[in-house]
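Per the working numbering, residue 29 is the first one in the sequence shown, and the count goes up by one each step. Glycine included, C-beta positions come from ideal geometry on N, C-alpha and C. Being a predicted model, the structure only gives us computed values, none of them experimental. I have placed the structure first, in the form of structure tokens, so that the comments after it can refer back to it.
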Amino acid sequence: MPGKNTDNAVNGWLVLDKPPGVTSTQSVGRVRRIFNAQKAGHGGTLDPLASGVLPVALGEATKTVPFIMDAPKSYTFTLTWGEDRDTLDAEGEVIATSAVRPLRRDVEVALGRFIGYIDQIPPKYSAVRIDGHRAYDLARAGKPAATKSRTIHIKSLEVTHWAHDAVSLEVQCGKGTYVRSLARDLAHALDARGHVTMLRRLRVGNFEITRSFSLDELERLCYTGSVLESLLPIDAPLDDIPVIGVDAETAGSLKHGRSVGSSDFRSHPDVPSQPERVLAKCGGTAVAICDVSNGLLRPRRVFNL
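This is how it looks when you write it as structure tokens:
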């Protein structure tokens with residue numbers, strides 16, 4: 029089984045349901061050990077408090093990580109009224125309090141202010157880099173620095189559950205969105221205080237929670253020898269890139285980093301007439317992600333499969 033392999037030839041994507049209370053790096057490390065994979069990476073950090081979808085790339089799939097980092101995401105979260113905390117979640121110190129408990133109708137109206145392109149200030153406890161340092165490292169060292177506002181995109185934001193002291197919401201958002209900051213800003217827009225007490229990621233691109241596996245499930249699959257069945261192909265996050273078929277000779281040229289002429293490949297019928305980038309496959313196996321320029325396929329990422 030993968031946990032006892034010695035060849036480390038494990039390549040593919042895993043949709044991990046990360047548990048709360050552990051970091052993304054710790055979770056990836058455990059997955060790598062379960063599969064005994066030589067290389068591993070992930071497609072977007074989740075806060076330690078958060079749970080849910082953490083796409084994990086193993087082996088050659090790590091070469092496709094950059095193509096998922098900008099993918100849209102979905103979260104469900106709970107905003108608990110009454111306290112601002114320095115981390116914007118339940119792990120932090122209380123820095124302000126308020127007895128204000130917004131009415132549901134006021135919350136529903138306020139949500140409209142956060143749809144579309146908006147400016148957002150990331151948390152001081154975040155992975156944002158400031159002069160080469162992570163913001164959370166500076167904050168933990170007692171040297172918190174102001175994070176700069178940036179533009180993000182919120183596609184949708186709606187209430188899913190209501191209580192007197194808390195509200196649960198679901199958000200669909202673009203890259204760079206911090207749900208903790210969104211919760212803070214929503215509370216402040218209602219002249220209230222609040223912080224995130226539950227955060228769960230439901231989707232990253234086409235990786236959905238319904239296709240995920242927990243760490244415990246992976247351990248059980250490992251012992252039964254079927255853990256490899258949990259993996260998706262290395263090109264799983266590349267759905268928006270047209271696929272072309274190439275012959276073995278062309279595949280060999282691409283694998284050696286050589287550009288090939290457009291006459292050397294057979295276009296898939298769904299490939300646009302002027303694609304900027306394509307995924308070359310030979311016999312159904314991913315060969316390379318190629319840029320298309322001046323009638324040439326120029327290999328950008330080559331897969332050693």
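From residue i to residue j, what distance separates their C-alpha atoms?
i, j, result
"Leu259", "Glu119", "33 Å"
"Gln54", "Gly204", "22 Å"
"Gly87", "Leu325", "24 Å"
"Val330", "Thr90", "11 Å"
"Val128", "Ala215", "10 Å"
"Ser196", "Val135", "11 Å"
"Pro76", "Arg58", "15 Å"
"Gly140", "Glu186", "9 Å"
"Arg60", "Asn322", "41 Å"
"Ala276", "Gly285", "14 Å"
"Asp263", "Ala314", "7 Å"
"Ser254", "Asp219", "53 Å"
"Asp267", "Val50", "30 Å"
How close, in whole Å, do the beta carbons of residue i and residue j come, if the pair is a contact with beta carbons under 8 Å?
i, j, result
"Lys101", "Arg231", "6 Å"
"Ile182", "Val81", "Their Cβ separation, rounded to whole angstroms, is 18 Å, which puts Ile182 and Val81 out of contact at 8 Å."
"Val38", "Ala65", "4 Å"
What residue range does the alpha helix (DSSP H) around residue i cover?
i, result
"Ser52", "52-63"
"Ala85", "Run containing Ala85: none in the alpha helix (DSSP H); it sits in the beta strand (DSSP E), 79-86."
"His216", "207-217"
"Arg133", "132-139"
"Thr278", "276-283"
Taking its Cβ as the centre, do 16 or more other Cβ atoms sit within 10 Å of residue i, making it buried, or is it exposed?
i, result
"Asp147", "exposed"
"Leu84", "Residue identity check: residue 84 is Val in the sequence provided, not Leu. Classification of Val84: buried, given that the 10 Å Cβ count is 16 or more."
"Gly40", "buried"
"Asp298", "Any reading at Asp298 must be qualified, since the residue scores a pLDDT of 48, below 50, and its modelled position is unreliable; no value is offered."
"Lys180", "Rather than Lys, the amino acid found at residue 180 in this sequence is Ile. Looking at its Cβ environment, which holds 16 or more other Cβ atoms inside 10 Å, Ile180 is buried."
"Lys176", "exposed"
"His70", "buried"
"Thr188", "exposed"
"His192", "exposed"
"Arg212", "buried"
Excluding five sequence neighbours on each side, which residues of the same chain lie with their C-beta closer than 7 Å to the C-beta of residue i?
i, result
"Thr190", "Residue identity check: residue 190 is Trp in the sequence provided, not Thr. Arg132."
"Ser209", "Leu116, Gln148, Ile149, Pro150, Pro151"
Below 6 Å CB to CB, which residues in the same chain sit around residue i once its five sequence neighbours on both sides are set aside?
i, result
"Arg294", "Per-residue confidence for Arg294 stands at a pLDDT of 49, beneath the threshold of 50, marking its modelled position as unreliable; no derived number is given."
"Asp112", "Ile123, Ala124, Arg221"
"Arg305", "Ile269, Asp319"
"Arg239", "Val43"
"Thr106", "Ala194, Ser196, Thr225, Met226"
"Trp109", "Arg129, Asp193, Ala220, Gly222"
Return the first residue and the last residue of the beta strand (DSSP E) that residue i is part of.
i, result
"Thr106", "101-109"
"Ala124", "122-125"
"Glu186", "178-190"
"Leu246", "First-last for Leu246: 243-252, but that is the alpha helix (DSSP H), not the beta strand (DSSP E)."
"Gly68", "The sequence shown places Ala at residue 68, not Gly. Its beta strand (DSSP E) spans residues 68-70."
"Met226", "222-232"
Can you find a heavy atom of the ligand MN that lies under 7 Å from the Cβ of residue i?
i, result
"Ser126", "The ligand MN is not part of the structure shown, which contains no ligands of any sort."
Leaving out the 5 sequence neighbours to the left and right, which residues in its chain are closer than 8 Å to residue i when beta-carbon positions are compared?
i, result
"Arg328", "Arg305, Ala316, Ile317, Cys318, Asp319"
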